[in-house]
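Okay, structure first, notes after.
Number of protein chains: 2
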Amino acid sequence: MTTMPTTDLTEVAARLDADDPLAHLRDRFLLPPDVVYLDGNSLGPLPAAVPPVLTDVVTRQWGTDLIGSWNGNGWWEAPLRVGDAIGALIGAAPGQTVAGDSTSVQLHTALHAAASLRPDRALLVTDPDHFPTDRYVAAAVAERRGLEVLRVSPADLSGFLRTEGDRVAVVSYSPVDFRTGELYDMRGVTQDAHRAGALVLWDLCHAAGALPVELDALGVDLAVGCGYKFLSGGPGAPAYLYVAHRHHRDLRTPVPGWTGHADPFGLGRDYAPAPGIARARIGTPPILSLLALEAALTVYDGVDLAEVRAKSLSLTGFLLRCADELLTPLGFASVTPSDPGRRGSQVSLRHPHAHALTRALADRGVIADMRAPDLLRFGVNALYTTHRELLTAAWCLRDIAAEAAYDPNPRGRGPVT
Amino acid sequence: MTTMPTTDLTEVAARLDADDPLAHLRDRFLLPPDVVYLDGNSLGPLPAAVPPVLTDVVTRQWGTDLIGSWNGNGWWEAPLRVGDAIGALIGAAPGQTVAGDSTSVQLHTALHAAASLRPDRALLVTDPDHFPTDRYVAAAVAERRGLEVLRVSPADLSGFLRTEGDRVAVVSYSPVDFRTGELYDMRGVTQDAHRAGALVLWDLCHAAGALPVELDALGVDLAVGCGYKFLSGGPGAPAYLYVAHRHHRDLRTPVPGWTGHADPFGLGRDYAPAPGIARARIGTPPILSLLALEAALTVYDGVDLAEVRAKSLSLTGFLLRCADELLTPLGFASVTPSDPGRRGSQVSLRHPHAHALTRALADRGVIADMRAPDLLRFGVNALYTTHRELLTAAWCLRDIAAEAAYDPNPRGRGPVT
């Protein structure tokens, strides 16, 4: 049973939603009714543009035009075309971003490429709290290349680089901590790395589409990210790789697949990389997933990412306020910075029964997720999330916790993505 | 203008089609009318089972069930489930095949794994006429691992291994030459490699689904293949990797993505590979493409691959006869073995204007493809191709060539896949 809401929060939510300049964008998504979806930072919901495009891709392009679609329907150029569409959301001028493969594969490419671009440097620096794949792939590439991985938290990076910087080949970080939602200083980290002569590689999985990212303006060297979180490209949507123009000439990739060849149809005996970012193409791309992602990206048509960022901060700020008023008294502790400048597009609350509470919320139509061992994670997406939904989620969680209406030892776990 | 057909071939085609026990399977595909599609060895046509499954995946699973689909709709297990479904077509018992990524990425995994399994051997043997990606990736892995690539044609392999076999880590071949359609002796090559203490890696792109492959029975070590040729899984459908059970314990992969972790949701600090073939999972798989492939594989439900092989040989044998009678007099030369035991599921004809002729055929609704510089390639798929279609293609090509009704210098090229 839901108790009466705190009147003040209700009014605040209503006012913020009424004044929301992006409210009309929610219609670009096919959200199920009666669900508060706060897991778009794990799997973005279905954009309305996707089903008709996918039907066309399957029935007309594949079914009728068949092999001719590689040229006739633009399949061949899709990895570069979709890459540029993503590039527009991360501050990358055209010709530097390619879509395809998974984030893990793109990380593998980026880290090997970085090692080749800085052959005289022995250290690979990464965040001790980086997403698992980033850590695992970094360790594997380092072992293969004879490098050493050092795990340095972003807060300690500047000091570390002052003493050890000339040994560092690449600094590999995410601008947003996937657990806490903390936003790091992309500009400062990039500048520190460059001052030390190191490259910087950003994993944008939790940033792209959620806030303005200015890769070119910051002088970033390499970046990767997935297509299925804020970009809402569908489950396991292809990832992407950004390599700054200035590195293209010397870019060496560890998996020289035929689609990255300078003359892919020439059947040449030896590999000769294509000019530009096209050399980072690997094998034949999964066209259905890739073109679904392309359709999904149209949700950003005409959208100003500065407005997205402003609304995202309004949403997370409001959720933090709800948590403070409704949940802190019940044993929840926010681990997300209250400083807007240090906050991504999520709020994470610590509670020893995070897993069970997430399950109980889902049973009531509030979809969040958890990260082991004790974080409830609420992702907001300014393109469709409302303040009212966040208040509903907070009420719901308060009621569940207050009534202890959950199984403290639930079975099973969801994926961590 | 099509001249009158050779009566005898017409009657033969009619009789063979009338006696075809697999004729009913054509209804499992949505083939466009008025098209003779002989490029299913590059991109398989659309199976009728795919559109409704994909609609369900997109609108219900993604759109409504959202993140819950990873468990609730079986997305998480899909790479292993689809891998096993492919395994059933290549003679692999369950638990040895994983679907995902591209063939190039899977080759990269397989070759690195082979190098780790034979750390004391310095040679990587591959076919000088292997598909480009196979050669490029072999060269890259060899360079990274300090190995030497030797290109030995299948005909010379046995002799080579007798003298140099104890230095060979892995022999990497395709059972079917993608240019000529020649079928190599999988059993003999595998036995020769094993006798020398080497591993064998088969690229099944042009074999899986077209003829019986018996990986387990032959004792093959590693195999890869794509999902979009004979398996008809859609453009760029995920590839697969087979690793024999006996190698799982020591299997090391070069891209240790989070989905291959023993406890993928535990967010562990270091990579610990999952037991079994699951450790060869990399990143989050492209679910739309993967589940389209899964639906496509149902075209094989209840189908005996021995019957597929028998019909395939009937088709290619008939096409060779048509070529002999109708096309050889016009300057075409078959490069596909007439010996059925040495023939895959395609016929390739040499002609100096192969590219132009392929274009002219397409203009008349006969879809074949070409491989540089001078091969016309006709793929047959016993699940839907008819003998009558092959005769139509041969007539059409004869008329085009006889009338020189083509532009000898056409522009553009199609993809080589």
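The listed protein sequences correspond, in order, to chains A and B.
The end of the first sequence is residue 417 by this note's numbering, with every number in the run present.
The end of the second sequence is residue 1417 by this note's numbering, with every number in the run present.
We treat Cβ as the ideally placed atom computed from N, Cα and C, and that holds for glycine.
Everything numeric in this text was worked out from a predicted model, so none of it was measured.
query: Which residues in chain B have a C-beta closer than 9 Å to the C-beta of Cys226 (chain A)? List them in chain order.; result: Gly1283, Thr1284
query: From Gly1260 (chain B) to Val1098 (chain B), what distance separates their C-alpha atoms?; result: 11 Å
query: By the DSSP assignment, the beta strand (DSSP E) with Glu1148 (chain B) in it spans what residues?; result: 1148–1151
query: By Cβ distance, which residues of its chain are closer than 7 Å to Val1082 (chain B), with the 5 residues on each side in sequence left out?; result: Ala1099, Leu1290, Leu1293, Glu1294
query: For Gly1268 (chain B), which residues in chain A fall below 8 Å Cβ to Cβ?; result: Pro132
query: Flag Val1012 (chain B) as yes if its beta-carbon sits less than 8 Å from any beta-carbon of chain A, otherwise no.; result: no
query: Name the chain A residues whose beta carbon is nearer than 7 Å to that of Ser1042 (chain B)?; result: Ile67
query: Could you give the uninterrupted runs of the alpha helix (DSSP H) lying entirely in the region 1074–1140 of chain B, keeping only those of 4 residues or more?; result: 1078–1087, 1103–1117
query: Taking 8 Å as the cut-off, does the region 155–166 of chain A touch the region 101–109 of chain A (at least 3 CB pairs, one atom from each stretch)?; result: no
query: Less than 7 Å between C-beta atoms, sequence neighbours within five positions excluded: which residues of the same chain meet that for Thr180 (chain A)?; result: Val335, Thr336, Ser348
query: Would you mind telling me which residues of chain B sit closer than 8 Å to Thr64 (chain A), beta carbon to beta carbon, in chain order?; result: Pro1032
query: State buried or exposed for Ser102 (chain A), treating a residue as buried only when at least 16 other CB atoms are found within 10 Å of its CB.; result: buried
query: Against chain A, does Val1243 (chain B) count as a neighbour if the rule is that its beta carbon must be under 8 Å from one of theirs?; result: no
query: Where DSSP assigns a beta bridge to Leu1241 (chain B), which residues make up the other side?; result: B:Val1098, B:Val1224
query: What are the boundary residues of the alpha helix (DSSP H) that Gly1317 (chain B) is part of?; result: 1305–1322
query: State yes or no: is the C-beta of Tyr173 (chain A) within less than 8 Å of the C-beta of Tyr1271 (chain B)?; result: no
query: Do you know offhand how far Ala208 (chain A)'s Cα is from Gln346 (chain A)'s?; result: 13 Å
query: Could you name the residues that DSSP lists as bridge partners for Ala333 (chain A)?; result: A:Arg350
query: Could you name the residues of the same chain whose beta carbon sits closer than 7 Å to that of Pro154 (chain A), not counting the 5 residues immediately before and after it, in chain order?; result: Asp127, Tyr173, Tyr184, Val189
query: So which of A:Gly159, A:Arg118, A:Pro132, A:Leu157 has the shortest CA-CA distance to Leu147 (chain A)?; result: A:Arg118
query: Cβ closer than 9 Å: which chain A residues qualify as neighbours of Asp1216 (chain B)?; result: The contacting residues do not exist; Asp1216 (chain B) stays about 26 Å from chain A at best.
query: Quick one: measure Cβ to Cβ for Ala169 (chain A) and Trp202 (chain A), integer angstroms, because I've assumed they're closer than 8 Å.; result: No, Ala169 (chain A) and Trp202 (chain A) are not in contact; Cβ-Cβ is about 15 Å, not under 8 Å.
query: Run down chain B in chain order and give the residues with a C-beta less than 8 Å from the C-beta of Tyr136 (chain A).; result: Pro1256, Gly1257, Trp1258, His1261, Asp1270, Tyr1271
query: Quick one: what does DSSP say His261 (chain A) is sitting in, helix, strand or coil?; result: strand
query: Which same chain residues, not among the five before or five after Gly1414 (chain B), have their C-beta less than 7 Å away from its C-beta?; result: Model confidence at Gly1414 (chain B) stands at a pLDDT of 49, short of 50, so the residue's coordinates are unreliable; what they give is reported in the following sentence. Asp1369.
query: So, does the CB of Tyr37 (chain A) fall closer than 8 Å to a CB anywhere in chain B?; result: yes
query: Tell me which residues share the same chain as Ala1193 (chain B) and place their Cβ nearer than 6 Å to its Cβ, disregarding the 5 neighbours each side in the sequence.; result: Val1171, Val1200
query: Report buried or exposed for Ala404 (chain A), applying the criterion of at least 16 other Cβ atoms within 10 angstroms of its Cβ.; result: exposed
query: Mind reading off the beta-carbon distance from Gln96 (chain A) to Val255 (chain A)? Whole number of angstroms is fine, and I expect it under 8 Å.; result: Rounded, the Cβ-Cβ distance is 19 Å, inconsistent with contact.
query: If you follow the alpha helix (DSSP H) that Arg279 (chain A) is in, where does it begin and where does it stop?; result: Careful: Arg279 (chain A) lies outside any alpha helix (DSSP H) and carries neither H nor E.
query: With 8 Å as the limit, tell me which residues of the region 352–372 of chain A have their beta carbon closer than that to any beta carbon of chain B; keep them in chain order.; result: Ala362, Ile367, Asp369, Arg371, Ala372
query: Kindly indicate if chain A contains any beta-carbon less than 8 Å away from that of Val1299 (chain B).; result: no
query: Apply the 10 Å Cβ neighbour rule to Arg418 (chain A) and answer buried if 16 or more other Cβ atoms are within range, or exposed otherwise.; result: Shown here, chain A extends from 1 to 417; a query on residue 418 (chain A) therefore has no answer.
query: For the region 388–408 of chain A against the region 351–361 of chain A, do three or more pairs of beta-carbon atoms, one drawn from each stretch, fall closer than 8 Å, so that the two count as touching?; result: yes
query: Please classify Arg195 (chain A) as buried or exposed, where buried requires at least 16 neighbouring CB atoms within 10 angstroms.; result: exposed
query: Should Thr1103 (chain B) be flagged as near chain A, meaning a C-beta pair shorter than 8 Å?; result: yes
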